[in-house]
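Take the sequence shown: its position 119, counted from the start at 1, is 119 in UniProt numbering, and no numbers get skipped.
The block underneath contains the structure these notes are about, expressed in C-alpha cells.
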Amino acid sequence: MGYLPMAHRENWNAIHAEKRALYASYKGELLSVGEDDALAAKDNGSGDAAALQEAKDLLQEVHNDVERTRQDVNFFRKPETRKSLLSLLFIYARLNPGIRYVQGMHQVAAVVFWVMSAEPETAEADAFWVFSELMVEIK
1 MGYLPMAHRE
11 NWNAIHAEKR
21 ALYASYKGEL
31 LSVGEDDALA
41 AKDNGSGDAA
51 ALQEAKDLLQ
61 EVHNDVERTR
71 QDVNFFRKPE
81 TRKSLLSLLF
91 IYARLNPGIR
101 YVQGMHQVAA
111 VVFWVMSAEP
121 ETAEADAFWV
131 FSELMVEIK
C-alpha cells in the first residue's frame with residue numbers, strides 16, 4: 001500500500017519515527033483529553049463556533065460507531081481500544097474533509113488496529129497511517 005517503501009527497508013525505522021511523531025502532532029492539534037479521560041475536539045484557533053460545533057458533532061458520530069464495534073470481542077470492549085479507534089478515526093476525518101467520516105469506517109479501522117496492536121505503544125499511530133493508505137486504495 002505504500003506505507004513503508006519496500007525498496008528502502010533500511011529506512012523503515014526512521015519512517016516509523018517520523019510518521020508516529022506526525023500523528024502525535026495531529027492528535028495534539030485536534031483532540032484534548034479531559035479530566036475524566038474523555039476525548040474532546042479542540043478549537044482550531046479560528047474562534048469559529050460553527051467549526052468547533054461541527055468537530056464536536058463529528059466526534060460524537062464516530063464515538064457512537066466505535067462504541068458498537070465488535071462488542072463480541074473482549075479487545076474491542078477495552079476503553080483504551082475504543083479511545084484509540086475514536087482518536088484515529090476522528091483525526092482521519094478532520095484531515096480529510098472531502099471524505100470525512102462514513103459509517104462503516106470503524107469496522108475497517110478496527111481490523112487494522114487489531115493487527116497493529118502487537119506493539120501497543122505504537123499501535124494507534126501505525127494503525128492511523130495504514131488505515132489512511134487503505135482509504136486511498138478504496139476510494
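Cβ coordinates follow ideal geometry from the N, Cα and C atoms, glycine included.
Nothing here was measured: the structure is a model prediction, and the numbers come from that model.
Put simply, of F90, D57, W129 the residue whose alpha carbon is nearest the alpha carbon of E29 is F90. In the structure shown, S32 falls within a strand segment according to DSSP collapsed to helix, strand and coil.
In this model, A49 and K83 are separated by some 25 Å (Cα to Cα). Nearest to A110 by C-alpha distance, out of I138, F75, S32, is F75.
Taking the CA atoms as reference points, H106 sits about 8 Å from V62. Between the alpha carbons of A93 and I15 lies a distance of about 23 Å.
In terms of Cα proximity to A125, the closest of E10, N11, A17, W12 is A17. Beta-bridge pairing by DSSP links A41 to L31.
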